[in-house]
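Residue numbers (my numbering): 1 to 439.
Positions of the beta carbon are idealized from the N, C-alpha and C atoms, including for glycine.
Structure record follows, encoded as structure tokens.
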Amino acid sequence: MLNYLLAAGIGAMSSILANKNVAVYNDGFRPVYTEYFSGRMDRKSLAATSFAVSFGLIVGFGFTNSIAMGIIIIHTFLLMGDIIGTWCPDSPKGTVISAAVGAVWGLLVVAFMSSISGLFAALPVNFLPYIGNVADIVVATFAIFPALATAYQHGVKKGAVTAIITLAVYVLIKNFGVFQFGELKLSLNADGMAMLAGTIVMIVFTVRVKSEAIGADLTNIFADNVNRIKKNWKYFLVMGGLLSVASSQCLLTTDVISGPLQMKHEFAQAALVSCIRAVGYIPLVYTTAIVTGVFSPAGAYFSVAIGMFCASMGLSTPITCVLAFVSGAGVITLETFFLGSVGNMLDRFPALRELGDHIRNAMSQILEVALLVGGFTASAAIMNEVGMSYVGSMIVMIVWMMNKCAKKPFLIPMAVGPVVTIAMGFVANLIKLLGLSLL
């Protein structure tokens, strides 16, 4: 019941924020609002644009990765919130309608995810356990992303130094990371410590870079936009609290790295991953918010990360939920009020702004490769159920190549592995039903 209430609340709030033109989740859609605010774009065109840029991500990325991980990825809620909010009239009545439709969408998503296990179990080939293998490679390799980000920003040599330090810390913690203090046993997580070490090295290289400030005082130029977001802090307070509680209860996650960790109840490491990811999104989210006057309903994801941290404390469910709501609400409210201050800091330290871009780029590159490799192994395992193991891997490669060569790719690169793996599951069932299995 709690999950349904949270999902309805998140769906309603994200739709309200989009309907009131205060916050949308899709980073590429946010700049379009400048056309709408200036009168050069009407509401119908705004809604059509929202659908065009978000619906494919909901189906091809949100749902496929949610099924693969067993936990709902945040895109599934918030991207649809963008669509619902913009399709409803820009009026008080439209706000009420968007809240109702958004709440229904949240309920439908949870109902679907709750019944998916039963649906797959009824098939001749239950491929749901294999889908989870898609994300295994991601968890195993993600700790190395600071090295790639460092290489992008500072060159291969410094990237290699970061990678070596990351690997060294991983090996040391893996072998000597357990400490005994009387009856108290402390076990450090090798992946988390390695990623933390790499992140520290990455930041050290960045702060040592001497560069001149950009000189464009964005906060003063777009002061009205910043104040517009601040005035709506109450909506963000509720949204941040709901997202934090949802992440603490394993209802949603921000990405395909934190998700599997949450499902394994490794909340501290999931929180660390989510925090670092949030740091990488600060320049993008905050800059577009200052320029357009439209924020993200999740801020820079710190409210979601704080929910994972609250879950790591091992408290009872009611206490965890209360603590997560208060913490998440406080964090995202601070984000709205310090939006201008962070914007000024990014202006004064261009290297930090660039670091955010490189972090996002490195994360995307690693996710694309890791999910593709995971797709190879998972698809092969599924097709092995009907005696055609290599066919699964071959089809993943075919789809990836065709998608890469297409003038207009039909899938975002990160979605190829999960989408093809799910498709192979249905193909294996069809082969089984038709009696064409080689086993």
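Segment contact, 8 Å Cβ cut-off, at least three pairs: the region 258-275 with the region 77-87: no
Cutoff 6 Å; reference Leu252; Cβ partners in own chain excluding five residues on either side: Ile72, Ile74 and Ala246
Burial state of Ile319 (16 or more Cβ within 10 Å): By the 10 Å Cβ count, Ile319 comes out exposed.
Range covered by the alpha helix (DSSP H) that runs through Gly262: The sequence as given places Gln at residue 262; Gly does not occur at that position. For Gln262, the enclosing alpha helix (DSSP H) starts and ends at Ser258 to Met263.
The region 5-23 touching the region 87-103, judged by at least three CB pairs closer than 8 Å: yes
Range of the contiguous alpha helix (DSSP H) that encloses Gly340: Leu339 to Arg348
Proximity below 7 Å, CB of Val109 to CB of Ala68: no
Environment of Arg30 [buried if 16+ CB atoms lie within 10 Å]: buried
Per-residue burial, Thr199 [other beta carbons within 10 Å of its own, 16 or more giving buried]: buried
Nonlocal neighbours in the same chain, by C-beta distance under 7 Å from Arg228, ignoring five residues either side: Gly293
Three-state class that DSSP yields for Ala122 in the structure shown: coil
Residue interval of the alpha helix (DSSP H) (run including Asn65): Thr64 to Met69
Short CB-CB distance (under 7 Å) between Phe142 and chain C: The structure shown contains no chain C, having only a single protein chain.
Terminal residues of the alpha helix (DSSP H) in which Thr254 lies: Thr254 -> no alpha helix (DSSP H), and no H or E assigned at all.
Val169: CB within 6 Å of a non-hydrogen atom of the ligand FMN: Ligands are entirely absent from the displayed structure, and the ligand FMN is therefore not among its contents.
Beta-carbon proximity check, Met113 vs Thr162, cutoff 7 Å: Contact annotation: Met113 and Thr162 have beta-carbon atoms that are not nearer than 7 Å.
Ser258 beta carbon less than 7 Å from that of Val273: yes
Segment contact flag, the region 389-401 with the region 345-358, C-beta cutoff 8 Å, min 3 pairs: no
Exposed unless 16 or more other CB atoms sit within 10 angstroms - verdict on Pro146: buried
Euclidean distance between Cα positions of Ile431 and Val342: 56 Å
Beta-carbon gap between Ala298 and Leu334 smaller than 7 Å: no
Burial state of Arg353, where buried means 16 or more other Cβ atoms lie within 10 Å: Arg353 comes out buried.
Collapsed DSSP secondary structure at Phe112 in the structure displayed: helix
Residue environment, Asn26, which counts as buried when at least 16 other CB atoms sit within 10 Å: buried
Reference His154, options Val207, Leu438 and Lys174, closest by Cα: Val207
Beta-carbon proximity check, Gly435 vs Ile359, cutoff 7 Å: The beta carbons of Gly435 and Ile359 sit no closer together than 7 Å.
Enclosing alpha helix (DSSP H) for Lys234 [first to last residue]: Trp233 to Ser248
Endpoints, alpha helix (DSSP H) assigned at Phe398: Here the sequence assigns Ile to residue 398, which means Phe is not the residue at that position. Unbroken alpha helix (DSSP H) run through Ile398: Ser389 to Cys405.
Other residues of its chain near Ala370: CB distance less than 6 Å, five sequence neighbours each side excluded: Ile137, Val138 and Thr141
Nearest residue (CA-CA) to Gly328, options Tyr235, Met394, Leu107 and Asn403: Tyr235
Outcome for Asn429 when other beta-carbon atoms lying within 10 angstroms are tallied against a minimum of 16: buried
Coil, strand or helix - Ala23 by DSSP: Here Ala23 sits in strand by DSSP.
Residue burial classification, Gln441 (beta-carbon count within 10 angstroms, cutoff 16): No information on residue 441 is available, as it lies outside the stretch 1 to 439 that the chain covers here.
Pro283 versus Leu355, Leu57, Tyr170 and Ile332, residue with shortest Cα-Cα distance: Leu355
Simplified DSSP assignment, three categories, for Phe376: helix
Beta-carbon proximity check, Val65 vs Pro413, cutoff 7 Å: Reading off the sequence, residue 65 comes out as Asn, not Val. No, these two residues do not count as a Cβ contact at 7 Å.
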